[in-house]
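Numbering (the UniProt record's numbering), first residue to last: 1 to 94.
Quick look at the structure:
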């Protein structure tokens, strides 16, 4: 089976060594993955780790100006993101 996208834009998915390209099968596979990733766990059985010998790290702050600056410094020739394009455009206006 080709790995090209179907008419809905999604590539075939693999489960238990088999490739599935049908919409219902792919929906079921994705639903199972989602449910497994976000399943509620019983937190009462987790062991207590006690006091850490390492210091806590400080809170991190991310500002749009900082992200824009970093994006504008990227040297991309292909697959540039719309945000990076916008950032470059705004920088060119200054």
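No residue lacks a Cβ here, since even glycine has one placed at the ideal position from N, Cα and C.
Just how far apart, CA to CA, sit residue i and residue j?
i: residue 31; j: residue 46; result: 27 Å
i: residue 35; j: residue 22; result: 20 Å
i: residue 33; j: residue 42; result: 19 Å
Bridge partners of residue i, per DSSP?
i: residue 96; result: A question about residue 96 goes unanswered here, because the residues of the chain that appear run from 1 up to 94.
On the three-state DSSP scale, how would you describe residue i?
i: residue 32; result: helix
i: residue 75; result: coil
i: residue 44; result: helix
i: residue 39; result: coil
i: residue 63; result: coil
i: residue 50; result: coil
i: residue 10; result: coil
Indicate whether residue i and residue j have their beta-carbon atoms separated by less than 9 Å.
i: residue 26; j: residue 10; result: yes
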